[in-house]
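Residue numbers (my numbering), protein chains in the order written: chain F, 1 to 303; chain A, 1001 to 1195.
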């Protein structure tokens, strides 16, 4: 069932700096936190630029495929749902990631949102981040080759607020899929970790200790990292590690011994030792964890 | 030594910043990878075929490498920073000598971090090695020229910051509209010129 806005329809205004692109989606409410995300900024880490991009990359790619976009097109990343989007032009929409009830269409299947539709979101019944892909792709002025909001450095557009209007890009192909079957998101996953590169900074049983215990996701987790609380990991040596490059999925351990799993907006360099790196396949599970959820680690089969 | 960093990256021990810069320069010419991130004693290489990169890097490590001179950038500095008198007091020298020692330092951009375009400039005169502020400022303007520990830096954009401010420059070190957003890249030689 579609909810239509009763207010009169304004002519579509041009987006400032949008090269003639017209407004298509108005953010009526962003929910707790919503941003535009694509696959981020590649090739600038040595200049201090975080990669950024979708926290749950496979869900962004899937949502884009469902509306016939390139997988790297920009979409809206909702955190804990709660948003309301007003469509001032009709558009095909697909949702992936954290499943959530909406006023106009379901998960993992493209649906048509006619002009005037207000697409409002509840709270996800599992997971944290829902991706809203719109046919043509969300369009904002790119910065260093990406439309992503980088919450750490401030590059890219500001987080979405009520009243923000977004334009769309050009559709590139037809719709190919009707529905993508999905496995449920686990609130207590066990994720695989490749040991190192700085596991030698910890006591002999440090990696085993991390893999034996359960950790909880703390309230101050965000797009930079999932901060965990649980068994502290003790260092075998004192002193400081010289700053070195960091990757997504790196489990960095500050002096208090409580690990942080780096997500999309992690700093490109850091000075705390990395005891292990979550596998590419399992990192999206971490990106979907909510504060309070439990997490376990196990050694990757290859490590 | 080459360490694996997850499934898609390698961390190469170089032992020195100069060696990191040399490896960085060689890798940029030779390989198609996503990221090459030099640090004081390491280079991180992300993407590409990690297994094929290991022998390539090992070969590079053992081949003789000449020093690749970075380009030199002159930064015009007005030495009017709020912390200049305190830096002079901490160093036990006059403000004029702080300026002379800062402009006399042969800086090299070591690596970038903290913020996009924020280069850690190594080569600071040892007498100017002062601690960070006990209470970081909530707002430091873009272009502020600062020192802390063994480093100097130019703040690329307004941000919070705990370094001691000794001056400012009108030269933009960060511009996302340009072809190359950062004026100071790892290996760039930097001279401070008093204005």
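Beta carbons: idealized from backbone N, C-alpha and C, even for Gly.
Small disclaimer: the values here were computed from a predicted structure and weren't measured.
With the rule of 3 Cβ pairs closer than 8 Å, the segment 158 to 166 of chain F does not count as touching the segment 257 to 274 of chain F. Our two residues, residue 254 (chain F) and residue 1004 (chain A), have alpha carbons roughly 20 Å apart in a direct line. In the DSSP assignment, residue 273 (chain F) falls outside any beta strand (DSSP E) and carries neither an H nor an E.
Fewer than three beta-carbon pairs drawn from the segment 241 to 253 of chain F and the segment 102 to 116 of chain F are found closer than 8 Å, and the two stretches are therefore not classed as touching. In the DSSP assignment, residue 210 (chain F) falls within the unbroken alpha helix (DSSP H) covering 206 to 212. Relative to residue 297 (chain F), the option among F:87, F:291, F:279 and F:21 whose CA is nearest is F:279. Three or more pairs of CB atoms, one per stretch, sit closer than 8 Å, so the segment 198 to 217 of chain F contacts the segment 227 to 239 of chain F. The three-state reading of DSSP puts residue 1059 (chain A) in helix, counting H, G and I together.
Contact fails between the segment 173 to 183 of chain F and the segment 41 to 52 of chain F, because fewer than three Cβ pairs, one in each stretch, are under 8 Å apart. In this structure, the CA atom of residue 1044 (chain A) is about 23 Å from the CA atom of residue 155 (chain F). From the beta-carbon of residue 197 (chain F), the residues of chain A found nearer than 7 Å are 1003, 1004, 1005 and 1011. Nearest in C-alpha terms to residue 1007 (chain A), of all of A:1040, A:1053, A:1024 and A:1031, is A:1053. Only residues of its own chain outside the window of five on either side were considered, and among them 231 and 233 have a CB closer than 7 Å to the CB of residue 209 (chain F), listed in chain order. Looking from the CA of residue 152 (chain F), the closest CA among A:1077, A:1082, A:1027 and A:1113 belongs to A:1113. Counted as a single uninterrupted DSSP element, the beta strand (DSSP E) harbouring residue 1035 (chain A) occupies residues 1035 to 1038. In this structure the segment 65 to 78 of chain F touches the segment 166 to 174 of chain F; the number of beta carbon pairs closer than 8 Å is three or more.
Between residue 95 (chain F) and residue 131 (chain F), the gap from beta carbon to beta carbon is short of 8 Å. Here DSSP, grouped into helix, strand and coil, assigns residue 1160 (chain A) to strand.
If you ignore the 5 residues before and after residue 188 (chain F), its C-beta comes within less than 6 Å of the C-beta of 294, all in its own chain and listed in chain order.
Residue pairing for residue 202 (chain F): DSSP places it in a beta bridge opposite F:235. Residue 1071 (chain A) has a beta carbon lying at 8 Å or more from every beta carbon in chain F. Here residue 1042 (chain A) is bridged, per DSSP, to A:1013. Around the beta carbon of residue 1192 (chain A), 16 or more other beta carbons lie within 10 angstroms, which makes this residue buried. Residues of chain F whose Cβ lies closer than 7 Å to the Cβ of residue 1037 (chain A) are, in chain order, 45, 46, 245, 268 and 269. Among the residues facing chain A, residue 153 (chain F) is included, as its CB has a counterpart in that chain under 8 Å away. Three or more beta-carbon pairs drawn from the segment 1105 to 1120 of chain A and the segment 1157 to 1173 of chain A are found closer than 8 Å, and the two stretches are therefore classed as touching.
Between the segment 1163 to 1182 of chain A and the segment 1074 to 1088 of chain A, the count of C-beta pairs closer than 8 Å reaches three or more; the two stretches touch. Approximately 5 Å separates the beta-carbon atoms of residue 138 (chain F) and residue 166 (chain F); this is inside 8 Å, confirming the contact. Beta-bridge partners of residue 107 (chain F) (DSSP): none assigned. With respect to chain A, the C-beta atom of residue 60 (chain F) has no partner C-beta closer than 8 Å. In this model, residue 1146 (chain A) and residue 1111 (chain A) are separated by some 16 Å (Cα to Cα). Look at residue 182 (chain F) here: in three-state DSSP terms it is coil, with no helix or strand label. The beta-carbon of residue 1111 (chain A) is placed less than 8 Å from the nearest beta-carbon of chain F.
Look at residue 1171 (chain A) here: in three-state DSSP terms it is coil, with no helix or strand label. Rounded to the nearest whole angstrom, the C-alpha separation of residue 78 (chain F) and residue 30 (chain F) is 8 Å. Shown here, residue 45 (chain F) sits in a helix according to DSSP, grouped into three states.
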